[in-house]
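Peer 1: The structure is given below, and queries will be raised subsequently.
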């Protein structure tokens, strides 16, 4: 996925795709786009909701950028988010104390659980050559099942065991917010820090250079004396940790409890964001904002235009597909040269 | 006997999907969109059948949908040289979302179903007749898919070409085989089978449409292609064994309801275990020591899987 030669063409294609989809769905395109935009940014509350969706998405995408640069398809990120949420929920339920103590502990718990879950596909890949796509998908389902088990079993609500979630956490374990805003400055700060850290790591460090070397050509990297397996494991662990923090944000910042589908699909959506960003760290935040806006704004579609809000997923998927294909056409017709692999610049 | 017959019938969708992906991957192309493809073709197949009242229309529509998706994978992977995994993954998500969005009005509706049809004469054979020949066309089709694909890949000239293209595209090119055209064909044919898988779920096995109808069938199928060592026969056997195991697990669940959480995860734990065992050194040693067992144990991926080829 080389960087697009001309951004305007890609933008036009993306916009065209959205219009076609809205039209096919029976919505007046301009009106629908206005509804989505207002639904995402119209009031400060909605802006808060959009940023609330943006936070885990950016965290997951930042983590995925590391594994992508290492040449890994860490599809298991969904499970790593879920495990992170479980780790955070465990901390929130078992530690009592002021926010200043509990909140950092939930973040650490989430990061540790996410990283630990990511080490399983890393181990299977480096030790048994099991492709991370399959182990990742399978482990995601297992992680989701563990969450359900905890919710209806050991962590069930007092009196009733239902799949609607655990008891609400003690408010001191919630990610702190300002006023009535749902988005937490701690979460947003974590997301911004994650992007900055990944950018520095991949662009400006020896470690990042080596990860990229492993991703581009593992054999050459090995011949140059880079312990490739260790770098793969490290990439998995770092992505898992960031995904785990995303899970923490979902659990302690959004739901304030553990719910069955805690990952919210932000892992898979994160893959789309990274693909659309062309594997460049700087693009992650704005593209994630755009995706979060579609996600949140679409909920207004069903209220105002009677269109199912699952249209958001269709728009996001179609957008990435169109941009990938347009990009492929551009590379193809411009050079007929370089073979497009999975990796671009950081 | 009824149990075995049930296992054979329940295996049909998985067998279609796995056989289809085997053909595609044998030619060196990965269609990672499988799970989404099956879901969308199941939904479209049901919608078309429910609207038209004809099961055949449903199957045709399902096949058309998944062939279109396979066509996008092939075009962007072969002509545009994009990463097949990236495009496949995006298509997986897109197809899934399309199925959710457009399938909404069809949830809970009833529609036509593939009619039962005992094969004359064959169904009278004791035991075998009851297990294999007392189903319907959708199930018989899965037998045909396995037998035809096994024969095609192993015994025909075209099948040899498909394998050559997946193993050594340069050599195949040198021998005058149109590498990329064979890959297009294999991907589209594989896609057609995937469509059959979707229709076999929504028009036969479960009959209807709801959001979790095809429960991760595509991901299981993708793993089974590896587990089956890219061999249609072994792949089919693995599907039957798997469905049998699920049945046993289901019985077990009735006895011990507290294990329900573990049992629903069984396919995925098995998936990881199977892929892991397959790659252990000891397993390879066994396969090497007993050549007669090798077709059942070893299985290497087509060498050129997921790569692009450009003849210039």
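Residue numbers (the numbering used here), protein chains in the order written: chain A, 1 to 346; chain B, 347 to 658. All C-beta atoms, glycine included, are put in the ideal place defined by N, C-alpha and C.
Roughly how many whole angstroms lie between the Cα atoms of residue 577 of chain B and residue 368 of chain B?
Peer 2: As a first step, residue 577 of chain B is located in the second chain; it is residue number 231 there, counting from the start. As a first step, residue 368 of chain B is located in the second chain; it is residue number 22 there, counting from the start. Looking at the two C-alpha atoms, the distance is approximately 7 Å.
Peer 1: Note down, one range per segment and in chain order, each alpha helix (DSSP H) of at least 4 residues found wholly within the segment 421-464 of chain B.
Peer 2: Listed in chain order, they are 430-449.
Peer 1: Spatial neighbours of residue 487 of chain B within its chain, please: CB distance less than 6 Å, with the 5 preceding and 5 following residues excluded, ordered by chain position.
Peer 2: Taking the first residue of the second chain as position 1, residue 487 of chain B is located at position 141. Counting only Cβ-Cβ distances below 6 Å, and skipping sequence neighbours, we find nothing.
Peer 1: Any idea if residue 667 of chain B is buried or exposed, counting beta-carbon neighbours within 10 angstroms, 16 or more meaning buried?
Peer 2: In this structure chain B extends from 347 to 658, so residue 667 of chain B is not present and cannot be described.
Peer 1: Give, in chain order, every residue of the segment 524-543 of chain B whose Cβ lies closer than 9 Å to some Cβ of chain A.
Peer 2: So the list is empty, because no residue satisfies the distance condition.
Peer 1: Would you say residue 565 of chain B faces chain A, with C-beta separation under 8 Å as the test?
Peer 2: In the second chain, residue 565 of chain B corresponds to position 219, counting from 1. So, interface residue.
Peer 1: Give the DSSP-derived three-state secondary structure of residue 482 of chain B in the structure shown.
Peer 2: By one-based count along the second chain, residue 482 of chain B stands at place 136. Correct three-state label for residue 482 of chain B: strand.
Peer 1: With DSSP run on the structure shown, which of helix, strand or coil describes residue 471 of chain B?
Peer 2: Position 125 of the second chain holds residue 471 of chain B. Three-state result, residue 471 of chain B: coil.
Peer 1: Comparing alpha-carbon positions, which option in B:377, B:407, B:382 and B:385 lies nearest residue 391 of chain B?
Peer 2: Within the second chain, numbered from 1, the residue matching residue 391 of chain B stands at position 45. Among B:377, B:407, B:382 and B:385, the Cα nearest to that of residue 391 of chain B is on B:407.
Peer 1: What does the alpha-carbon distance come out to for the pair residue 53 of chain A and residue 328 of chain A?
Peer 2: Position 53 of the first chain, counted from the first residue, corresponds to residue 53 of chain A. Position 328 of the first chain, counted from the first residue, corresponds to residue 328 of chain A. So the two alpha carbons sit approximately 30 Å from each other.
Peer 1: Quick one: what does DSSP say residue 26 of chain A is sitting in, helix, strand or coil?
Peer 2: The residue you call residue 26 of chain A lines up with position 26 of the first chain. Residue 26 of chain A falls in the coil class under three-state DSSP.
Peer 1: On the CB-based measure, 16 or more other CB atoms within 10 Å of its CB, does residue 354 of chain B come out buried or exposed?
Peer 2: Within the second chain, residue 354 of chain B is the residue found at index 8, counting from 1. With 16 or more Cβ atoms within 10 Å of its Cβ, residue 354 of chain B is classed as buried.
Peer 1: Output the distance between the C-alpha atoms of residue 646 of chain B and residue 519 of chain B, rounded to the nearest integer angstrom.
Peer 2: Position 300 of the second chain, counting from 1, holds the residue named residue 646 of chain B. Position 173 of the second chain, counting from 1, holds the residue named residue 519 of chain B. Cα to Cα, residue 646 of chain B sits roughly 22 Å from residue 519 of chain B.
Peer 1: Going by DSSP, what residue range makes up the alpha helix (DSSP H) through residue 250 of chain A?
Peer 2: Indexing the first chain from 1 puts residue 250 of chain A at position 250. Looking at the DSSP string, residue 250 of chain A is not in any alpha helix (DSSP H), and its letter there is neither H nor E.
Peer 1: When you compare the CB positions of residue 235 of chain A and residue 70 of chain A, do they come within less than 8 Å of one another, or not?
Peer 2: As a first step, residue 235 of chain A is located in the first chain; it is residue number 235 there, counting from the start. As a first step, residue 70 of chain A is located in the first chain; it is residue number 70 there, counting from the start. Yes. Within cutoff.
Peer 1: Any C-beta of chain E sitting closer than 8 Å to the C-beta of residue 320 of chain A?
Peer 2: Note that chain E does not occur in the displayed structure, where the protein chains are A and B.
Peer 1: Indicate the three-state DSSP secondary structure (helix, strand or coil) for residue 256 of chain A in the structure shown.
Peer 2: Working through the first chain from its first residue, we reach residue 256 of chain A at position 256. Here residue 256 of chain A sits in coil by DSSP.
Peer 1: Between the segment 414-436 of chain B and chain A, which residues of the former have a C-beta closer than 7 Å to a C-beta of the latter?
Peer 2: Hits within the stretch, in order: 422, 426, 427, 428, 429, 431, 432, 433, 435 and 436.
Peer 1: With residue 278 of chain A as the anchor, note down where its alpha helix (DSSP H) starts and where it stops.
Peer 2: Numbered from its first residue, the first chain carries residue 278 of chain A at position 278. Counting along the chain, residue 278 of chain A falls outside any alpha helix (DSSP H), and DSSP gives it neither H nor E.
Peer 1: Under 8 Å between C-beta atoms, does residue 621 of chain B make it to chain A?
Peer 2: For this step, residue 621 of chain B is matched to residue 275 along the second chain. By this cut-off, residue 621 of chain B is an interface position.
Peer 1: Do you know how far the Cα of residue 248 of chain A is from the Cα of residue 106 of chain A?
Peer 2: The sequence position of residue 106 of chain A within the first chain is 106, counting from 1. The sequence position of residue 248 of chain A within the first chain is 248, counting from 1. Those two C-alpha atoms are separated by around 7 Å.
Peer 1: List the endpoints of the continuous alpha helix (DSSP H) containing residue 536 of chain B.
Peer 2: Locating residue 536 of chain B in the second chain gives position 190, where the first residue counts as 1. Residue 536 of chain B -> alpha helix (DSSP H) spans 525-546.
Peer 1: Would you list, in chain order, the members of the segment 119-145 of chain A that have their beta-carbon closer than 8 Å to a beta-carbon of chain B?
Peer 2: The residues in question are 124, 128, 129, 130, 131, 133, 134, 135, 137, 138, 139, 141, 142 and 145.
Peer 1: Measuring straight from C-alpha to C-alpha, what distance separates residue 479 of chain B and residue 485 of chain B?
Peer 2: As a working mapping, residue 479 of chain B is identified with position 133 in the second chain. As a working mapping, residue 485 of chain B is identified with position 139 in the second chain. Between residue 479 of chain B and residue 485 of chain B, the C-alpha separation is close to 9 Å.
Peer 1: Is there contact here, the segment 558-574 of chain B with the segment 379-394 of chain B, by at least three beta-carbon pairs under 8 Å?
Peer 2: With a cut-off of 8 Å, the segment 379-394 of chain B and the segment 558-574 of chain B count as touching, because enough Cβ pairs lie within range.
Peer 1: Going by beta-carbon coordinates alone, are residue 296 of chain A and residue 40 of chain A separated by less than 8 Å?
Peer 2: The residue you call residue 296 of chain A lines up with position 296 of the first chain. The residue you call residue 40 of chain A lines up with position 40 of the first chain. For residue 296 of chain A and residue 40 of chain A, yes; Cβs fall inside 8 Å.
Peer 1: From residue 272 of chain A to residue 469 of chain B, what distance separates their C-alpha atoms?
Peer 2: For the purposes of this step, residue 272 of chain A is taken as the residue at position 272 of the first chain. For the purposes of this step, residue 469 of chain B is taken as the residue at position 123 of the second chain. Their backbone Cα atoms lie some 50 Å apart in a straight line.
Peer 1: Give the secondary structure of residue 309 of chain A by DSSP, where H, G and I count as helix, E and B as strand, and everything else as coil.
Peer 2: Looking up residue 309 of chain A in the first chain gives position 309. Looking at residue 309 of chain A - three-state DSSP - the assignment turns out to be coil, as it is neither helix nor strand.
Peer 1: Quick check: is the beta carbon of residue 440 of chain B nearer than 8 Å to any beta carbon in chain A?
Peer 2: Here the question's residue 440 of chain B lines up with position 94 in the second chain. Output row for residue 440 of chain B: interface = yes.
Peer 1: If you measure from the beta carbon of residue 370 of chain B to each beta carbon in chain A, is any gap under 8 Å?
Peer 2: The residue labelled residue 370 of chain B in the question sits at position 24 within the second chain. Output row for residue 370 of chain B: interface = no.
Peer 1: For residue 79 of chain A and residue 499 of chain B, I'd like the C-alpha separation in whole angstroms.
Peer 2: One-based indexing of the first chain puts residue 79 of chain A at position 79. One-based indexing of the second chain puts residue 499 of chain B at position 153. About 37 Å.
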